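Quick note: the sequence shown uses my numbering, first residue 23, plus one each step.
For every residue, glycine included, the Cβ atom is placed at its ideal position computed from N, Cα and C.
Model, not experiment: these values are computed from the prediction.
Below you'll find the structure, written out as structure tokens, and then a few comments.
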Amino acid sequence: MTQTSFTPRVFSGIKPSGGLQLGNYLGAIKRFVGMQGSMETIYCVVDMHAITVWQDPKDLANGTREVAAGYLAAGLDPAKSILFNQSRVSAHAELAWIFNCVARVGWMNRMTQFKDKAGSNAEKASLGLYAYPSLMAADILLYHATQVPVGEDQKQHVELTRDIAAKFNHDYGVNFFPMTEPVIDGPATRVMNLRDGTKKMSKSGESDMERINMLDDADTIAKKFKKAKTDPEPLPETVEGLATRPEARNLVEIYAALDDTTPEAVIAQYPGAGWGTFKPALADLAVAKLAPISTDMARFMADPAEIDRILSQGAEKARAIATPILQKTYDIVGLLRD
Ligand code: AMP
Ligand code: TRP
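Below, the structure written as structure tokens:
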């Protein structure tokens with residue numbers, strides 16, 4: 023079997039820990055929607071990844087529904103994409119165990135996300151947080167996914183997925199798992215914190231002012247952009263002028279991603295503009311693009327039974343793909359099964 027014999031298939035996921043923020047939308051969900059329809063697309067709410075750090079059970083259940091509501095509100099359609107939550111398909115955990123036995127401790131030790139999250143207290147981190155990339159590899163390879171749209175921060179994990187696939191194929195003398203490609207494109211693969219342009223926007227940052235939450239109302243969005251940190255210079259005449267200006271570059275990239283255009287086009291539209299002009303324009307654009315999504319998210323979240331039904335039906339479709347791949351893996355490894 024050659025690499026090209028794998029059917030193109032997209033898989034990606036988001037953790038239900040804390041609410042969705044603009045980085046999740048621009049770096050992931052909006053791009054998931056863009057890939058829908060062109061090939062088979064599978065989008066997961068990765069609840070088993072969330073519990074690698076403590077989650078209150080009620081918050082976890084609601085958080086899972088909230089990410090699903092975000093998917094639906096942004097335009098993912100259960101008739102076109104498989105939408106489900108990870109824990110409903112037990113094959114993820116089963117394949118992850120096999121991959122724990124393929125991946126090497128030295129590989130895990132190089133993972134920068136583990137180092138960032140565990141910090142100086144790595145001894146107290148859960149074993150799950152350490153093994154997390156192996157579960158992520160299982161998520162992807164359980165579907166023989168060939169493409170994984172993610173933000174820049176996940177590149178290393180997708181590369182590790184390829185290492186696991188290659189070692190499995192090599193050790194067992196098969197060409198069973200594909201070499202999955204990370205898809206990291208567009209202007210907003212790394213949306214930065216609004217108070218510090220050198221740090222990534224995340225759900226867990228200290229201050230709410232540093233991120234735009236998907237459920238923020240219009241006034242809050244406007245206030246956060248107006249208070250966003252910038253340098254005192256106006257926008258440059260060309261994008262090259264943004265290279266050493268992380269905060270300015272971030273706001274231009276957010277504008278470009280929201281408006282489906284490029285940073286070059288944004289600079290061409292606002293050459294030399296002051297922040298008093300650009301920030302309100304960005305705030306208006308963000309409100310225009312995000313308000314319909316947050317309204318729709320709230321509508322979906324008001325009907326949790328409907329979300330649960332969609333996730334359950336999605337899980338059934340996911341299982342139909344995953345089960346034969348897991349069974350074949352067991353056969354390759356020599357694990358007896360019924
Ligand atoms: P997480 O919330 O960590 O589960 O991330 C889910 C997806 O959103 C992944 O593909 C991340 O790379 C992406 N993502 C999260 N934060 C950002 C950000 N600040 N900029 C771009 N993509 C992001
Ligand atoms: N690790 C990803 C993150 O933190 C989430 C994730 C889990 C994922 N499994 C995945 C992303 C599979 C893409 C494919 O953002």
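Closest by C-alpha distance to Thr-63, out of Thr-260, Ala-340 and Pro-326, is Ala-340. At a cut-off of 7 Å, the beta-carbon of Asn-46 counts as near the ligand AMP: some heavy atom of the ligand is closer than that. Contact check for Leu-42 against Ala-210 fails: the beta carbons are separated by 8 Å or more. Residue pairing for Gly-35: DSSP places it in a beta bridge opposite Cys-66. Close CB contacts of Asn-46 within its chain, under the 7 Å cut and outside five residues either way in sequence, are with Ile-36 (chain order). If you draw a straight line from the Cα of Arg-126 to the Cα of Asp-185, it is about 10 Å long.
Sixteen is the threshold: when 16 or more other Cβ atoms of the shown chains lie within 10 Å of the Cβ of Ser-103, as they do, the residue is buried.
The C-beta of Lys-246 has 16 or more other C-beta atoms within 10 Å across all chains shown, which makes the residue buried. Listed in chain order, the non-local C-beta contacts of Glu-174 below 8 Å within the same chain comprise Gly-49, Ile-206, Thr-211 and Arg-212, local neighbours out to five positions each way being set aside. Assigned with DSSP and collapsed to three states, Glu-203 falls in strand.
Of the candidates Asn-272, Tyr-65 and Thr-242, the residue whose Cα lies closest to the Cα of Leu-94 is Tyr-65. Straight-line measurement puts the Cα of Gly-97 at about 9 Å from the Cα of Gly-56.
Shown here for Val-196: same chain residues with a beta carbon closer than 7 Å to its own, the five before and five after excluded, namely Ile-354 in chain order. Remark: C-beta atoms of Pro-204 and His-166 do not approach each other more closely than 8 Å. By alpha-carbon distance to Lys-311, the top candidate from Glu-338, Ile-332 and Ala-278 is Ala-278.
Following the DSSP letters along the chain, one finds Phe-106 inside the beta strand (DSSP E) bounded by residues 103-107. DSSP, reduced to helix, strand and coil, places Met-323 within a helical segment of the structure shown.
In terms of CA proximity to Arg-31, Phe-54 leads the group Phe-54, Gly-40 and Leu-44. The alpha carbon of Arg-271 has as its nearest neighbour, out of Ser-109, Lys-350 and Asn-215, the alpha carbon of Asn-215.
In chain order, Phe-28, Pro-30, Arg-31, Pro-200, Thr-202 and Glu-203 place their CB closer than 7 Å to the CB of Thr-168, counting only its own chain and leaving out the 5 sequence neighbours on each side. With 16 or more other Cβ atoms from the protein chains shown falling within 10 Å of its own Cβ, Glu-269 counts as buried.
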